[in-house]
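Residue numbers (the working numbering), protein chains in the order written: chain A, 11 to 501; chain B, 29 to 140; chain C, 759 to 907.
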Amino acid sequence: MIIPYLIIMPLLAAFLITLISGKGDTWGVIFSILTEITLIILSVIGFILVLENPLVYNMSGWNIPYTITLVMDSFTGFMLVIVHVIALLALMYSVAYIRHLSKSWKYYALFMLLITGMDGVILTGDLFNLFVFMEIGLFAAYALVAYGNRPEEFEASFKYAVMGSISSTLILVGIGIVYSVTSTLNLAKISEVLATQPVHVVNWIGAIFLVGFGLKAAAMPFHAWLPDAHSSAPAPISSMLSGVLIKALGVYVLIRLIFNVFGFNAIFSRVFLGLGTLSIIAASLLAISQWDMKRLLAYSSVSQVGFILIALGIGTRMAIFGALFHLLNHAIFKGLLFLNAGTVEMCLGTRDLKKMGRLGKVLPITTGTSMIGTLAVSGLPPFNGFFSKLIIIIAAIEAGFFSTAGVAVVGSLLTLAYFMKFQRYGFFGDKVIEILDHKPGLGMQTAMVCLAVLCLVTSILVVPQVRELVMDPVINAVLNQAKYIELVLGR
Amino acid sequence: MILYLLCFILLLIGLYGVITKRDLIKIILSLAIMEYAANLFLVLFAYRKGGTYPILEEGREIAMMVDPLPQALVLTSIVIELGITAMLVALAVRLYQKYNTFDITKIRRLAG
Amino acid sequence: MKEKHGMTLIVRTITRISVWLIFLYGFYIIFHGHLTPGGGFAGGVILALALLNYMLAYGREKTENWININLLHDMESASAILFLIVGILGIAISGSFLANWLSGGKLFALFSSGTIPILNIIIGIKVCAGLFFVVWTLSIFHIEEEAEE
């Protein structure tokens, strides 16, 4: 059974790093990269295995009402692969990047804890265990946001921690209410019991969790912490937070809870559509007015999460495909763009778009990959962003949500607008720059090139044969509530 | 019912504090109040009328004990809150070192 | 001069004696974790409070001489690894993580309930070291701040 090792290994690596490394970061780098490579292999093997037969693991050898269950169906495997691919590339990038900030093993230990938290949230089938792993991941995220020791980073981290604690408290209250209604914490059992409860009970519980996890996913009215935290953090951490953390802790949990546990209904659909529309339009408009490179990208994250939310709100099979595809794509291109921004910040010493200029000569790889990332996020063919947005729009029209389709089109145009600004001032400005503060390392460039290639390669998921092979089991896992219950409870 | 209501009011007091107070330390304390209210909620949900403490001893019946699971959850969440509070205090100390103030209206390098 | 690093003679004398009593109580709570309320976390907090009591009474420098800070740091990481190793042994012996692979023993006996007392001791060490380091690190912050101004 590979499931528990996906959580044990990063946890073990985190504490081994603190135990073994003295002052330097050599052991930190070695252990974290080895662990991450192993995890990526495990998660890919796991994904291939669970495409056919989902796995359930009971901790400590107890049976269902007493144990903590770890569930690995194809949706879990899909998320795990995304998390570990981005994590490995971010880790590769951070070896060179973090050394110019400080040479300490603490970064790698915290990074491993972040991975532990996300893996745990994705794998667990128990509501309170989900909360605990979420807090582990968030705790590491708070510390990593403040890692660079600058005043604004502490400010952002404090804001993030306060907002995170409020949402965690709400989630805890929600867990209490769920327990008092259903007398169980196992997600499948909750799902079974809630089906017999009146609809308004389910909706109120859903509302509490929507606020709690909406804060983690940074949907529009709850987004205030995200631009600060994601723009102040070190670049690889920004790409982890924006690329996978808000999805693993926010969107993934929302999908799991709403679709597999509470049961999707018209009210949830309307809330998702409302949050998504607000996120897309307002965050895009705010992004256009930004002059801070990473802040612009952070607002763009809010707006792209909006696309995922409206696709979930539509709720048809095609729309779920669009949502999951966009989730994957956003992890890849936003990870890439944050790494680009980090490289530019390291080499020029500024994040201000007005102070940048023509970088094509001195940073050819960064310029090229950022071009690819921009094209992908703005939705131009043949990159992956085009296909996922197209699928979402087609799904909206098919299901009769014409205004939502309109919002998605306007959102794509606005995305193109603020990324034109990003490119025009950040990489193709008037001032020609020839002298750099630092040179980007080899690991940084490799990570960026890998992500840029992935931007192109993941478009292949839109080919019907590949889609049937890879994505259809995932979509089935999301949409089939009865199968999830059956899988976990073994009936 | 009145107990649940009072508990909810405690939660709202904490939330009010987090939103309106300007002092970093007061914000941390308000968060703590909010978290205590949440913990109290969990313990209240577990309460059973006339129930006793859920500890297995020689010659005690299990039937009259209150539900121990939420109490275990509360212990876990207290541990988590300890960690988060320590983190917040550390951040507040660092912020004081950098800005020489605990007033959040003066700590505004990030805006927009 | 002496007052700057610690408290008065009365406090110190009492602390010197009471620290060991607090330690004893902490160990009692940890070792009886599977029989009575308390356990690894509560006992570990009490142990950490004993150390912090000493630190408050005598100041940081004397505490550094009294306990080996580096050793405590290593113990903190090592205890987490030990916990995971006990869990992995569960996979190796009984087939699932953290499974209780020792025999249960008799109910209400001190040496009973399999791996639970072992895990309690490990958690006790971890919590003791962890909580002590939280306060210790915060006090280091304070000194740096004075140095800056």
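Ideal Cβ positions, reconstructed from N, Cα and C, are used throughout, including at glycine.
Ile83(B) counts as exposed, since fewer than 16 other C-beta atoms from the protein chains shown sit within 10 angstroms of its C-beta.
Here the alpha carbons of Val95(A) and Glu165(A) stand approximately 30 Å from one another.
Rounded to whole angstroms, the gap between the alpha carbons of Lys49(B) and Ala114(B) is 19 Å. Judged by DSSP in its simplified three-state form, Asn63(A) adopts coil rather than helix or strand. Residue range 327-358 is occupied by the alpha helix (DSSP H) that includes Met328(A). For a Cβ distance threshold of 8 Å, residue set Ala118, Val121, Arg122, Gln125 of chain B lies close to Phe899(C), ordered along the chain. Under the rule that a run must span 4 or more residues, the alpha helix (DSSP H) segments found entirely inside the region 220-299 of chain A read 235-242, 245-250, 262-265, 276-298.
Of the residues Cys465(A), Ala156(A), Ile401(A), Leu180(A), the one whose Cα lies closest to the Cα of Tyr170(A) is Ala156(A).
Look at Val102(B): its C-beta is not under 8 Å from any C-beta on chain C. Chain B places a beta carbon closer than 8 Å to that of Pro795(C), counting this residue as a contact.
Proximity to Thr377(A) across Phe412(A), Tyr435(A), Thr414(A) peaks at Tyr435(A), based on C-alpha coordinates.
Partner residues in the beta bridge of Thr80(B), as assigned by DSSP, are Met93(B). Within chain C, Leu842 have C-beta atoms less than 7 Å from the C-beta of Leu21(A), given in sequence order. Chain A has no Cβ within less than 8 Å of the Cβ of Phe130(B).
For secondary structure counted as the alpha helix (DSSP H) over 4 or more consecutive residues, the region 365-435 of chain A holds these complete runs in sequence order: 374-388, 394-408. In the same chain as Ile298(A), and ignoring 5 residues on each side of it, the C-beta atoms closer than 8 Å to its own belong to Leu424, Ala427, Tyr428, Lys431, in chain order. Listed along chain A are Val172, Ile176, each with a C-beta nearer than 7 Å to that of Val46(B). By the Cβ neighbour-count rule, His110(A) is exposed, with fewer than 16 other Cβ atoms within 10 Å of its own.
Contact note: Ile83(B) reaches chain C through Thr794, Pro795, using a C-beta cutoff of 8 Å and chain order. Nearest to Met481(A) by alpha-carbon distance, out of Met328(A), Asn270(A), Phe121(A), Leu385(A), is Met328(A).
Taking 8 Å as the cut-off between beta carbons, the residues of the region 855-872 of chain C near chain A are Phe855, Leu856, Ala857, Asn858, in sequence order. Here Thr134(A) carries a strand assignment [DSSP, helix/strand/coil].
Taking a contact as a CB-CB distance under 8 Å, the pair Ala836(C) and Leu29(A) counts as one, their CB atoms being some 6 Å apart. Ranked by how close their Cα comes to the Cα of Asp832(C), the residues Phe785(C), Arg770(C), Gly888(C) have Gly888(C) in first place. The closest CA to that of Tyr786(C), considering only Thr771(C), Met765(C), Val803(C), Ile772(C), is found on Val803(C).
Chain-order list of chain B residues neighbouring Leu896(C): Ala114, Val117, Ala118, Val121, by C-beta distance under 9 Å. Our two residues, Val463(A) and Lys344(A), have alpha carbons roughly 14 Å apart in a direct line. Val203(A) is outside the set of residues whose beta carbon lies under 8 Å from a beta carbon in chain B.
Exclusion of the five residues before and after Ser871(C) leaves His792, Asn858, Gly862, Gly863 as the residues of its chain whose Cβ lies within less than 8 Å of its Cβ.
Annotated as proximal: Leu896(C) and Ala118(B), with beta-carbon spacing under 8 Å.
Taking C-alpha positions only, Arg280(A) is separated from Phe272(A) by approximately 15 Å. In this model, Glu85(B) and Phe69(B) are separated by some 27 Å (Cα to Cα).
When secondary structure is reduced to three states using DSSP, Leu80(A) falls in the strand class. For the 8 Å CB-CB criterion, Gly451(A) and Ile291(A) do not form a contact. Comparing C-alpha distances from Ala228(A) to each of Gln314(A), Phe274(A), Tyr494(A) shows the shortest one belongs to Gln314(A).
Taking a contact to require three or more Cβ pairs closer than 8 Å, the region 129-148 of chain A and the region 15-23 of chain A qualify as touching.
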